[in-house]
Amino acid sequence: MKKDTFTFHNGVKIPSIGFGTWQIPNEEAYDSVTMALKNGYTHIDTALAYKNEENVGKAIREFATPREDIFITSKLPAEIKGYDETLEAFNETITNLGVDYLDLYLIHAPWPWSDQGKDCTEGNVQSWKAMEKLYNDGKIKAIGVSNFQIEHLQPILDECDIVPMANQIPFYVGKDQEELLSFCKDHDIVVEAYSPLATGQVLDMPELKEMAEKYDVTVAQLSIRYCLEKDTLPLPKSTHESRIIENKQLDFEISDEDIKTLEQIRDVRD
Ligand code: A2P
Numbered sequence: 006m007k008k009d010t011f012t013f014h015n016g017v018k019i020p021s022i023g024f025g026t027w028q029i030p031n032e033e034a035y036d037s038v039t040m041a042l043k044n045g046y047t048h049i050d051t052a053l054a055y056k057n058e059e060n061v062g063k064a065i066r067e068f069a070t071p072r073e074d075i076f077i078t079s080k081l082p083a084e085i086k087g088y089d090e091t092l093e094a095f096n097e098t099i100t101n102l103g104v105d106y107l108d109l110y111l112i113h114a115p116w117p118w119s120d121q122g123k124d125c126t127e128g129n130v131q132s133w134k135a136m137e138k139l140y141n142d143g144k145i146k147a148i149g150v151s152n153f154q155i156e157h158l159q160p161i162l163d164e165c166d167i168v169p170m171a172n173q174i175p176f177y178v179g180k181d182q183e184e185l186l187s188f189c190k191d192h193d194i195v196v197e198a199y200s201p202l203a204t205g206q207v208l209d210m211p212e213l214k215e216m217a218e219k220y221d222v223t224v225a226q227l228s229i230r231y232c233l234e235k236d237t238l239p240l241p242k243s244t245h246e247s248r249i250i251e252n253k254q255l256d257f258e259i260s261d262e263d264i265k266t267l268e269q270i271r272d273v274r275d
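In terms of my numbering, the sequence shown opens at residue 6 and continues consecutively.
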């Protein structure tokens, strides 16, 4: 592994690989999260919008380890903006999960999914202020955003007290988001990579297959390792135990030359 943890600007540490649960239905979430915990994942990422918090929480609570040993992230639904609304949604999340604090809470997106691009600056600022309160009250160890571009981050930086500790964005070979990454780095914001396999779409790419063979790893491992090499924190998702194990075995290094080759690859989704 490159490093075991990333450190937020407030000193809180976050394990450098998280288990992503987007697209895992509630019925399957208990088994998947249990498999992840059993196989050494200590960082689980969920969201109210995933509708699986109940079984994610059940698996974490039943796994015989102290709560403090597991890092839990959840998210404020994209369509919920505003101070009181945020406090309410947070309560719903911790009730679903059956925990009394979160390690990381994120604004899921800068606009509702049904109205992408809408200017919700004021709503985001109000939500952020509610998250600052929850943070100051000790209900959340770190706060951040997700799917935010520079234009969405800037008003938070200008109008609020706490700089977001994380920005969770889609990131995989072919989707480097260079400008956003460098902006986040400049402001000490940890970038988390969701869909590090482009929801599976990078797995059949011949260039990746060839390079993975050279390192004697799978395309999934090469792709997840690439996120770490780019200083982003990957959140791979799987419902299969063999893959859950595989996605965490990343003890190899990609050469600078091969990183450059990977940086040239075009987005498989374009
Ligand atoms: P499954 O859940 O059936 O294992 P992402 O993390 O980018 O969202 O990608 C998740 C997708 O990639 C899911 O369809 C998942 O399928 C699949 N996947 C995850 N890990 C692996 C792996 N190691 N090998 C092949 N497919 C994988």
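A virtual CB, placed ideally from N, CA and C, is assigned to each residue, including glycine.
Per DSSP, the beta-bridge partners of glutamine 173 are Ser151 and Glu197. The count of Cβ pairs closer than 8 Å, one atom from the region 205-212 and one from the region 152-164, stays below three, leaving the stretches out of contact. Only residues of its own chain outside the window of five on either side were considered, and among them His14 have a CB closer than 6 Å to the CB of aspartate 193, listed in chain order. Contact between the region 142-149 and the region 108-118 is present, with at least three C-beta pairs closer than 8 Å. Put simply, of Asp263, Lys190 and Ile85 the residue whose alpha carbon is nearest the alpha carbon of alanine 217 is Asp263. The residue from Leu185, Ser243 and Ala171 with its alpha-carbon nearest to that of tryptophan 27 is Ser243. Contact check for leucine 53 against lysine 86 fails: the beta carbons are separated by 8 Å or more. Alanine 171 sits away from leucine 202, with the two beta carbons spaced by 8 Å or more. For isoleucine 99, there is no enclosing beta strand (DSSP E); the enclosing alpha helix (DSSP H) covers residues 88-102. Counted as a single uninterrupted DSSP element, the stretch harbouring serine 260 is not any beta strand (DSSP E), since DSSP gives it neither H nor E. When the five nearest sequence neighbours on each side are left out, the beta carbons in the same chain lying within less than 8 Å of the beta carbon of aspartate 181 are those of Lys235 and Glu268, in order along the chain.
The residue from Lys190, Glu184, Trp116 and Val130 with its alpha-carbon nearest to that of cysteine 165 is Val130. Using a 10 angstroms sphere on the CB of asparagine 96, the tally of other CB atoms stays under 16, which defines it as exposed.
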